[in-house]
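Residue numbers (the numbering used here), protein chains in the order written: chain A, 16 to 93; chain B, 16 to 93; chain C, 1145 to 1290; chain D, 1145 to 1290.
Glycine included, every Cβ here is placed at the ideal spot set by N, Cα and C.
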Amino acid sequence: MSITVRFFASVRERVGKEREAIDCAGISNVADVWRQSTRVAMPDNLLAAINMEYARPDQPVRDGDEVAFFPPVTGGAP
Amino acid sequence: MSITVRFFASVRERVGKEREAIDCAGISNVADVWRQSTRVAMPDNLLAAINMEYARPDQPVRDGDEVAFFPPVTGGAP
Amino acid sequence: MTVRLLAEAFDPWREIVHHQEAQSALAGKFGATTVFVGTLRDFNQDRAVRAMTLEHYAPMTQKHLERVAAEASSRWPIADLLVIHRYGELSPNDPIVCVAVWAERREAAFAACRYVIDELKTRAPFWKQEQTPQGRRWVAPEPKAE
Amino acid sequence: MTVRLLAEAFDPWREIVHHQEAQSALAGKFGATTVFVGTLRDFNQDRAVRAMTLEHYAPMTQKHLERVAAEASSRWPIADLLVIHRYGELSPNDPIVCVAVWAERREAAFAACRYVIDELKTRAPFWKQEQTPQGRRWVAPEPKAE
């Protein structure tokens, strides 16, 4: 049983990985996923999503979830 | 020597003429032109222009001017 | 900055493409294009509309549309502006007016486009007469407040 | 209401014409069309831009663009809405995004169009990386205040 972790844009480059599966043992929220995956504390200006819905660091994560981390978004136009 | 008077849209229909030249004798302002041309006092909600610039009823009119009368404008789109 | 009055039906999207291609200095320099197109509906104030005649005071309309366009250009940082307005006989679904603004950023593009369409409605001497099943009627101006 | 994500360059004006023609129920029913097109400039923050890569979180972008479009449709009385957003490799002068709104009146058309472009910029997971003569750089989000 596991959690899928995804990284995008500059976060992906900094972390050096795009996607991984981590064991959900000992993981209760979004910040735990980040810590488990990167071995450092979750930065303030990072955005996260659980199953493609924006999520706060303290939001609970369940087995089978897809958790994504990314910088502030910059789509659209000038 | 004369003043060209023009009428547009519903005003043109009500007055029953589109364009005429009137003698400028005894005419000092826009309201005088209307009175001379129609034999009634100038209504409140009427718009007027002298030489294609919006003008108030008391604005002075000179020999050779083109004076136009029309209802509120309704161009553009919904 | 271009202002055109047309007696015949026009395709606003094609006009925009042509204008943009002709202004080669624009290429790569604008990030935002905002367009407003006004189209004749087949109804108005609970009546069917079969056709519309748009009367205007020919050189005065051109003059005041150009003035409104120039005001928009001086108030906001925009790269180019196109205004096209129909007159004469229109059928439902015919475009009446098209305002297109090119700018570096969207704030200026939206503000200038909105300014032009709002101002021309109160300052450009056009008058609409609708043909309805109940006869012809002159369209009343819209109330000021929005 | 249509939301599309495209990997290839597109012509926003042609897409608008196609969409409008395909929605035959719209004919005669709308008086106002408002369009915003965002285009890649060949400069940004005093640097030349040679190309841009637009990364996105594929099904999340579609989901959030559809939600923003649905919000606009429920907040304002509009007849139809089209959103097209590019991703992948872009060149200067390429359209990035197109938002088109059809409505009976212009107030709703302008408001809904502005809402969609403003909201998608803060909610749809896209990230721009520019290629400049000084190398690649990720674009920072624009400040909130306007």
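Please report how far the alpha carbon of residue i lies from the alpha carbon of residue j, in whole angstroms.
i	j	result
histidine 1163 (chain C)	arginine 1258 (chain D)	24 Å
threonine 1177 (chain C)	phenylalanine 1154 (chain D)	15 Å
valine 1245 (chain C)	leucine 1225 (chain C)	5 Å
serine 43 (chain B)	valine 1147 (chain C)	35 Å
phenylalanine 1254 (chain C)	phenylalanine 1180 (chain D)	8 Å
leucine 1170 (chain D)	proline 1221 (chain D)	14 Å
arginine 1211 (chain C)	tyrosine 1201 (chain D)	46 Å
aspartate 80 (chain A)	threonine 1205 (chain D)	18 Å
alanine 1289 (chain D)	leucine 61 (chain A)	Reliability of the predicted coordinates at alanine 1289 (chain D) is poor, the pLDDT of 44 falling under 50, and the value obtained from them is presented with this limitation in mind. About 20 Å.
arginine 27 (chain A)	arginine 34 (chain A)	9 Å
alanine 24 (chain A)	arginine 1267 (chain D)	15 Å
aspartate 59 (chain B)	valine 48 (chain B)	15 Å
proline 1239 (chain C)	valine 1260 (chain C)	16 Å
serine 1218 (chain C)	alanine 1256 (chain C)	10 Å
tryptophan 1282 (chain D)	alanine 1216 (chain C)	34 Å
alanine 1213 (chain D)	alanine 1252 (chain D)	13 Å
valine 1161 (chain C)	alanine 1166 (chain D)	20 Å
glutamate 68 (chain B)	proline 1236 (chain C)	32 Å
leucine 1149 (chain D)	serine 1168 (chain C)	28 Å
aspartate 1262 (chain D)	proline 75 (chain A)	30 Å
isoleucine 137 (chain B)	proline 1203 (chain C)	Nothing can be reported for residue 137 (chain B): it is not among the residues displayed for chain B, which extend from 16 to 93.
threonine 53 (chain B)	asparagine 66 (chain B)	20 Å
isoleucine 18 (chain A)	glycine 41 (chain A)	12 Å
Is the beta carbon of residue j closer than 9 Å to that of residue i?
i	j	result
alanine 56 (chain A)	alanine 83 (chain A)	no
phenylalanine 85 (chain B)	tryptophan 1271 (chain C)	yes
leucine 1234 (chain D)	leucine 1198 (chain D)	yes
alanine 1151 (chain D)	arginine 1230 (chain D)	yes
glycine 90 (chain B)	valine 1243 (chain C)	no
arginine 1185 (chain C)	phenylalanine 1174 (chain D)	yes
aspartate 78 (chain B)	cysteine 39 (chain B)	yes
proline 93 (chain B)	asparagine 1188 (chain C)	yes
valine 30 (chain A)	arginine 71 (chain A)	no
isoleucine 1228 (chain D)	glutamate 1286 (chain D)	no
histidine 1208 (chain C)	proline 1156 (chain C)	no
Who are the neighbours of residue i on chain D, taking C-beta pairs under 8 Å?
i	result
proline 1221 (chain C)	Per Cβ cutoff of 8 Å: no residues; proline 1221 (chain C) is ~14 Å from chain D at best.
Which residues in chain C have a C-beta closer than 7 Å to the C-beta of residue i? List them in chain order.
i	result
isoleucine 1160 (chain D)	Trp1157
alanine 83 (chain B)	Tyr1201
At 7 Å on the CB atoms, spell out the chain D contacts of residue i, in chain order.
i	result
arginine 1148 (chain C)	None at all; the shortest Cβ gap to chain D is about 18 Å.
arginine 1258 (chain C)	Phe1254
alanine 1171 (chain C)	Asn1237
Mind listing the chain B neighbours of residue i? Cutoff is C-beta to C-beta under 8 Å, in chain order.
i	result
glycine 1094 (chain D)	Since the first residue shown for chain D is 1145 and the last is 1290, residue 1094 (chain D) is missing from the structure and cannot be characterised.
glutamate 1248 (chain D)	Pro93
leucine 1264 (chain C)	Gly90 and Gly91
valine 1283 (chain C)	Thr89
Give the residues of chain A in contact with residue i, contact being defined as C-beta atoms less than 9 Å apart.
i	result
arginine 1185 (chain D)	Pro93
histidine 1229 (chain D)	Gly90 and Gly91
Identify the contact partners of residue i in chain B, using a Cβ-Cβ distance below 9 Å as the criterion.
i	result
alanine 1268 (chain C)	Val88, Gly90 and Gly91
Report the neighbours of residue i on chain A: residues whose CB is nearer than 7 Å to its CB, in chain order.
i	result
methionine 1204 (chain D)	Ala64 and Met67
Determine the chain B residues that contact residue i at a beta-carbon separation under 7 Å, and present them in chain order.
i	result
glutamate 1182 (chain C)	It should be noted that the sequence gives glycine, not glutamate, for residue 1182 (chain C). Near glycine 1182 (chain C) (Cβ distances below 7 Å), the residues of chain B are Gly91, Ala92 and Pro93.
Across the region 1187-1197 of chain C and the region 1273-1286 of chain C, are there enough close Cβ pairs to call them in contact, namely three or more that are closer than 8 Å?
Of all C-beta pairs linking the region 1187-1197 of chain C to the region 1273-1286 of chain C, three or more are shorter than 8 Å, placing the two stretches in contact.
For the region 46-75 of chain A, enumerate the residues whose C-beta is nearer than 7 Å to any C-beta of chain D, in chain order.
Ala64 and Met67
Where the region 18-50 of chain B meets chain C: residues whose CB sits under 8 Å from a CB there
Arg21, Phe23, Ala24 and Ser25
Could you please tell me which residues of the region 1233-1247 of chain D, in chain order, have their CB closer than 7 Å to any CB of chain C?
Pro1236 and Asn1237
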